[in-house]
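Everything on this sheet refers to the single structure shown next.
In my numbering, the protein residues as written are 5 to 369.
What follows is the structure in structure tokens.
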């Protein structure tokens, strides 16, 4: 199962919105085939492992990180191919939460006389696909909030200058995170101030869908995120207050404009935004800022994972990473648990997890 987990991770960034899955086939104490889900739309791990085998699979043991599928999607059901191979045993890391599969694959295998065990390295198998599990259960993308700051919590100077707070190794990590998420999101303020491209350049990987939160469609026609649509799609999320002519202009440029619900003051309802992105098969979202967007996602308790690069720099008066969350007592603070603390160049990188989101109403950016 550990080998299957290592194989599964090779599909990271290429199989979404499907889960990463690895499979290993053992017969008479020898590994005779293995494989992983390599790309969305391609063969699943079990099929690749079967194709990799060069001898009879009868009486073998399949080790699979996730319950084999039972339905037709981009490919036929894996459980049927496993049964055809006539193994004596199947070992599954964790059950698939997808209602189309959940428990059905296990039941079918057992009904066909195959000894089926479930829950081997289950925590590791679930952690591997935390984005997929969250998306399947909530129908919303898994949200990673990422930003870089000085040691005093500032993400920019008082004049708004922020390039570059973090070191080159931290920037490469940021680009890797883009490659591993379906979409990356910033607010209009970041577009106006930094004119980012929001593409993957410092590492190899796919470009995420670029999502811009722009309540009144104030984005300049020459913004970098509106270019190169053949390489990286852009979605602008706005409100009903936005002018029709602005929308028409953007749509003629090939930009997808979404109208989301709004709160008072005409700000985009971030929960509505996540619902819309989820309906478009976007299972993971990297939120990069700026300060208003960071604060809004935290205030609404919509963040699942936090990634902060802390540079050994003191900025003093400047723009805070996180604004007012309406917290007046320490026991109201947003709690999280540290997962990793590591070095990248001069910087310290902190990765933390949030508890399940709470239902809370309020304005967002």
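C-beta atoms are modelled at their ideal positions from N, C-alpha and C, and glycine is treated no differently.
{"Asked": "Nearest-angstrom Cβ-Cβ length linking residue 195 and residue 223, presumed shorter than 8 angstroms", "Found": "6 angstroms"}
{"Asked": "Sub-7 angstroms separation of residue 207 and residue 240 beta-carbons", "Found": "no"}
{"Asked": "Whole-Å CB distance - residue 178 paired with residue 150, under 8 angstroms assumed", "Found": "6 angstroms"}
{"Asked": "Strand pairing of residue 239, partner residues [DSSP]", "Found": "215, 260"}
{"Asked": "Whether residue 214 touches residue 202 by CB criterion (7 angstroms)", "Found": "yes"}
{"Asked": "Residue 9 and residue 128 closer than 7 angstroms at C-beta", "Found": "yes"}
{"Asked": "Complete beta strand (DSSP E) runs within the region 121-191 (minimum length 3 residues, chain order)", "Found": "146-154, 158-161, 187-191"}
{"Asked": "Runs of beta strand (DSSP E) wholly within the region 9-45 (minimum 3 residues, chain order)", "Found": "26-31, 34-40"}
{"Asked": "Residue 56, enclosing alpha helix (DSSP H) - first and last residue", "Found": "49-56"}
{"Asked": "Nearest-angstrom Cα separation, counted from residue 351 out to residue 322", "Found": "19 angstroms"}
{"Asked": "Own chain partners of residue 62 with C-beta closer than 7 angstroms, once the 5 adjacent residues on each side are dropped", "Found": "90"}
{"Asked": "Inter-residue CB distance, residue 6 and residue 125 (contact presumed, cutoff 8 angstroms)", "Found": "7 angstroms"}
{"Asked": "Residue 136 burial status per 10 Å Cβ neighbour count (16 or more: buried)", "Found": "buried"}
{"Asked": "Of the listed residues 15, 21, 58, nearest to residue 30 (C-alpha basis)", "Found": "58"}
{"Asked": "Of the residues 98, 101, 94, the one placed nearest residue 112, counting alpha carbons only", "Found": "94"}
{"Asked": "Spatial distance of residue 15 from residue 333 (CA atoms)", "Found": "44 angstroms"}
{"Asked": "Buried or exposed by the 16-neighbour rule on C-beta atoms within 10 Å, applied to residue 336", "Found": "exposed"}
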